[in-house]
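My numbering puts the first residue of the sequence shown at 6, with every later residue one more than the last.
Cβ atoms here follow ideal geometry from the backbone N, Cα and C, with glycine treated the same way.
Here is the structure we will look at, set down as structure tokens.
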Amino acid sequence: MQRGFISGLNSSHIKPGETQLRIESLQLNFGGVTALIDVDLEVRQSEILAIIGPNGAGKTSLLNCISGLYHPQRGRIVYVNDREHEVTRMRPHQIARLGIARSFQNIELFRHMTVLDNLLAGAHIHMNSSLLSSLIYWGPAQREHIQHRRYVEDIIDLLEIEAIRHNTVGSLSYGLQKRAEIGRALAMRPSLLLLDEPMAGMNAEEKEDIARFILDVNEEHGVTIVLIEHDMGVVMDVSDRIAVLNFGQKIAEGTPDEVRANRHVIEAYLGEDTSVFPFKFNKSNNNGS
Ligand SMILES: Nc1ncnc2c1ncn2[C@@H]1O[C@H](COP(=O)(O)OP(=O)(O)O)[C@@H](O)[C@H]1O
Ligand SMILES: [Mg+2]
């Protein structure tokens with residue numbers, strides 16, 4: 006299906022499968038707590054990479070390092086789009102402008118603003134016109150604003166949130182707030198989208214919707230997705246690759262089948278029963294209907 010985005014979501018210059026993000030020997034401590042120990046990880050252009058692991062494993066901390074909220078004590082993070090950018094010490098808004106957007110485990114939207122205004126706020130990280138120039142040169146700023154507005158309307162359409170676009174975020178159900186938050190991240194036109202438990206607390210139907218949006222954004226626009234998710238059915242079905250964290254260390258990495266069969270993973274995380282993965286979406290046979 007053609008969604009008719011007015012300009013591509015994905016502005017990356019590299020080819021699918023090439024390294025888009027390189028995490029090298031990352032070490033993050035909070036006082037005596039070591040959240041990440043010597044983590045190496047590669048994210049490839051246009052893949053869906055899931056990060057799994059028990060609570061406290063360091064999953065959110067890893068996303069926080071990538072998006073600049075935490076700065077690791079050791080190691081580095083290199084992001085590639087038109088060229089290599091070392092983002093390890095950059096500030097969050099600089100990293101966002103390079104094309105890395107995220108959603109949060111605990112929703113971080115402006116609760117008193119409408120869904121539409123939250124999305125527009127996301128789109129405005131790319132607004133070139135300053136306030137002063139928009140006073141002097143009303144035309145260009147206005148044109149830019151209209152472009153953002155159209156773009157945001159396309160995202161509203163993609164996420165099927167037309168009916169709630171003028172509702173304040175605080176008045177919405179948890180599931181819809183989560184959806185709006187993904188919308189806000191998409192409005193930032195990411196080449197790399199980081200999603201921290203986007204389906205937590207949702208029922209099966211809501212999860213299916215979110216999984217479908219993730220696959221759409223990935224397959225139709227080539228946006229790379231790094232997904233933290235606890236629902237193993239979803240993870241096994243939508244991911245190209247999976248990385249497993251345990252107590253701050255990466256203990257496994259591979260395709261869903263490889264990870265499912267990995268002894269360390271079974272011991273640390275999945276438990277005995279790895280046979281039942283009921284989720285119906287599958288990246289390879291997603292026909293976009
Ligand atoms: N801001 C912080 N201050 C202190 N400790 C933190 C902070 N953020 C994370 N941690 C600690 O780092 C470890 C990993 O946490 P987190 O990354 O949230 O794990 P996960 O997302 O896998 O559940 C935990 O022990 C957690 O308590
Ligand atoms: Mg977490």
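With H, G and I counted as helix, E and B as strand and the rest as coil, what does DSSP make of residue i?
i	result
Gln254	strand
Val239	helix
Val249	strand
Leu33	strand
Ile271	helix
Arg265	helix
Val231	strand
Ile219	helix
Ile28	strand
Gly259	strand
Ser289	In this prediction, Ser289 has a pLDDT of 44, which is less than 50 and means its spatial position is unreliable; nothing more can be read from the coordinates.
Output the distance between the C-alpha atoms of residue i and residue j, rounded to the nearest integer angstrom.
i	j	result
Asp201	Phe109	5 Å
Ser16	Leu191	12 Å
Asp278	Gly73	Unreliable placement is indicated for Asp278, whose pLDDT of 48 sits below 50; the coordinate value is still reported in the next sentence. Cα to Cα, Asp278 sits roughly 37 Å from Gly73.
His153	Gln147	10 Å
Ser178	Ile53	27 Å
His98	His150	19 Å
Ser294	Gly36	Reliability fails at Ser294, whose pLDDT of 34 lies under 50, so the model's placement of it is uncertain and the value that follows must be treated cautiously. Between Ser294 and Gly36, the C-alpha separation is close to 50 Å.
Asn267	Lys64	19 Å
Val222	Leu198	10 Å
Glu224	Lys255	27 Å
Glu167	Ser244	28 Å
Cys70	Arg170	31 Å
Ile271	Arg265	7 Å
Ala209	Asp45	33 Å
Ile129	His235	Checking the displayed sequence, the identity of residue 129 turns out to be His instead of Ile. When rounded, the distance between both Cα atoms is 32 Å.
Leu33	Leu181	33 Å
Ile19	Glu213	30 Å
His269	Val231	22 Å
Asp43	Tyr75	15 Å
Arg246	Arg116	34 Å
Arg96	His90	13 Å
Leu163	Asn60	32 Å
Ile160	Val38	40 Å
Val120	Pro21	32 Å
Val157	Lys183	17 Å
Arg217	Met118	26 Å
Asn237	Glu211	The identity of residue 237 in the sequence shown is Met, whereas the question assumes Asn. So the two alpha carbons sit approximately 16 Å from each other.
Arg155	Asp242	32 Å
Ile215	Pro261	19 Å
Pro77	Ala273	25 Å
Leu125	Leu26	27 Å
If you measure from the beta carbon of residue i to each beta carbon in chain D, is any gap under 8 Å?
i	result
Lys20	The displayed structure is made up of one protein chain only, and chain D is not part of it.
Is the beta carbon of residue j closer than 8 Å to that of residue i?
i	j	result
Asn123	Val48	no
Ala62	Gly253	yes
Arg189	Leu103	no
Val240	Met204	no
Arg79	Ser30	yes
Lys28	Ile82	For the record, residue 28 in the displayed sequence is Ile; it is not Lys. Contact flag set, yes.
Ser66	Ala106	no
Gly127	Leu250	no
Glu186	Ile112	yes
Ser176	Thr229	no
Would you please state the rounded distance, in angstroms, between the beta carbons of residue i and residue j? I believe it to be under 8 Å.
i	j	result
Arg194	His131	6 Å
Ala248	Glu258	5 Å
Thr24	Val85	6 Å
Leu68	Ile219	Not really, about 15 Å apart at Cβ, beyond 8 Å.
Gly227	Ser51	4 Å
Pick out the complete alpha helix (DSSP H) segments inside the stretch 133 to 217, 4 residues or longer, and give them in chain order. Segments of the alpha helix (DSSP H) lying fully in the stretch 133 to 217: 136 to 141, 143 to 163, 179 to 192.
Just to confirm the assignment: which complete beta strand (DSSP E) runs, minimum length 3, are found wholly within the stretch 39 to 107? Counting whole runs of 3 or more residues, the stretch 39 to 107 contains the beta strand (DSSP E) stretches 53 to 57, 79 to 85, 89 to 91.
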